[in-house]
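**Q** Handing you this structure, nothing more for now.
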C-alpha cells in the first residue's frame, strides 16, 4: 500500500517578499527602526518552520552613497517608489512584527543582486 504524500506546508512568508514591519528600536544604534518596509532574506524552509526570520530593511533614500551591500529595488507592485535594500543590516525579526505584505521581488537580476550583497556583507566569498 502506498503512503499518502504529505501536503507541502506553504508559508505565507516567502523569500524576496516585501512587508511592512514594526522594527524595534535599539538604543544607541544606527539600525533602522519603526514601521518600515523590509525584504525577507531567509530561505523558505526557515520561513515556514521558524517564528523568527531574517529580514533586510529598505529605505527610499536612494541618493545615499552606493555601497556593495546596497541593492536598488524597483518595479515591485505595492512599493510606492524605488527603494534601496540595506543588506549591511540583516536582522532577525519575529513574524509577529510583520504587519502587511507589500509585494515581492520577482526580477531575477534583483534577486541575484540581493544574494550577492548579502554574501559581501557576511564575507561569503562574493
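Residue numbers (this note's numbering): 3 to 128. Glycine included, C-beta positions come from ideal geometry on N, C-alpha and C. Note that the structure is predicted; figures quoted are calculated from it, not measured.
1) Would residue 20 pass as a contact of residue 81 if the rule is Cβ separation under 8 angstroms?
2) Based on Cα-Cα distance, which residue from 92, 85, 54 lies nearest to residue 104?
3) Check the C-beta distance from residue 23 over to residue 100 and give it rounded, since I have them as a contact under 8 angstroms.
4) Can you name, in chain order, every residue of its own chain whose Cβ lies under 6 angstroms from the Cβ of residue 7, other than the five neighbours on each side?
5) Would you verify that the beta carbon of residue 42 is, or is not, closer than 8 angstroms to some beta carbon of chain B?
6) Excluding the 5 residues flanking residue 109 on each side, which residues of the same chain have their C-beta closer than 7 angstroms to its C-beta?
7) What number of angstroms, rounded off, separates the C-alpha of residue 55 from the C-alpha of residue 91?
8) DSSP three-state label for residue 84, please.
**A** From the atom records:
1) yes
2) 85
3) 5 angstroms
4) Residue placement at residue 7 is poorly supported in this model, since its pLDDT is 44, which falls under 50; the coordinates still yield a value, given next. None.
5) The question asks about chain B, but that chain is absent: this structure has only one protein chain.
6) 77
7) 14 angstroms
8) coil
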